[in-house]
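Q:
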Amino acid sequence: DLLPRLAAEYNPQVVEALVRLGWLAREAHEVISGLVESLAERCVQPGPNGGVRLDRYALAGAPPFLVRELFIAVWRRQGWPLAEMGFDEWDALARLATDRPAAAWHGGQAAVHVFPGGIRAERVGSDLRIVRQ
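Going by the numbering used here, the residue at position 71 of the sequence shown is 534; the numbering climbs one at a time, nothing skipped.
1. Quick one: grab the DSSP three-state call for Gln541.
2. Could you give the distance in angstroms between the alpha-carbon of Leu502 and the alpha-carbon of Glu472?
3. Pick from Tyr520, Ser496, Val515, Ile495: whose alpha carbon is nearest that of Val537?
4. Excluding the five sequence neighbours on either side, which residues of its own chain have a C-beta within less than 7 Å of the C-beta of Glu547, listed in chain order?
5. Over what stretch of residues does the beta strand (DSSP E) that includes Asp518 continue unbroken?
6. Is there contact between the region 530-544 and the region 554-564, where contact requires at least three CB pairs shorter than 8 Å?
7. If we call anything under 7 Å between Cβ atoms a contact, is Trp543 one with Ile582?
8. Do Arg592 and Ala574 have their C-beta atoms within less than 7 Å of each other?
So this is what it looks like as structure tokens:
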């Protein structure tokens, strides 16, 4: 019902435009996935107790978007719950890893944070250690 209406009232080639948009989104996803994998190879290592250890210095200068996507990939690989992790949680984790200021957090950002699902992230020197409690 919606596509015929859009074609009639706005753009007769709406279906073709949506197909092109889908192809572009797929290509963008492939590029982003490759960048995230390259970043993971440089900074993610197995950690104690089934967790992971990230080299925070290897994340220096990485765009915040890629750092957040890296953590989403880490969560998936570890089999940790994603359902309660939204943008604010991913962004807080990225800030914890990269020392970017947390303007919304009064008093600065702690070196330890527990995320939904009992996932604990802690800055230890040049590492960010993440483990499920």
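Cβ coordinates follow ideal geometry from the N, Cα and C atoms, glycine included. Values in this document were obtained by computation on a predicted structure and should not be read as measured data.
A: Reading it off the structure:
1. Helix.
2. Between Leu502 and Glu472, the C-alpha separation is close to 45 Å.
3. Taking only the C-alpha atoms, the option nearest Val537 is Val515.
4. Excluding sequence positions up to five before and after Glu547, its CB lies within less than 7 Å of the CB of Pro579, Gly580, all in the same chain and listed in chain order.
5. That run of the beta strand (DSSP E) goes 515-518.
6. Short answer: they touch.
7. Cβ atoms of Trp543 and Ile582: closer than 7 Å.
8. When the beta-carbon positions are compared, Arg592 and Ala574 stay at least 7 Å from each other.
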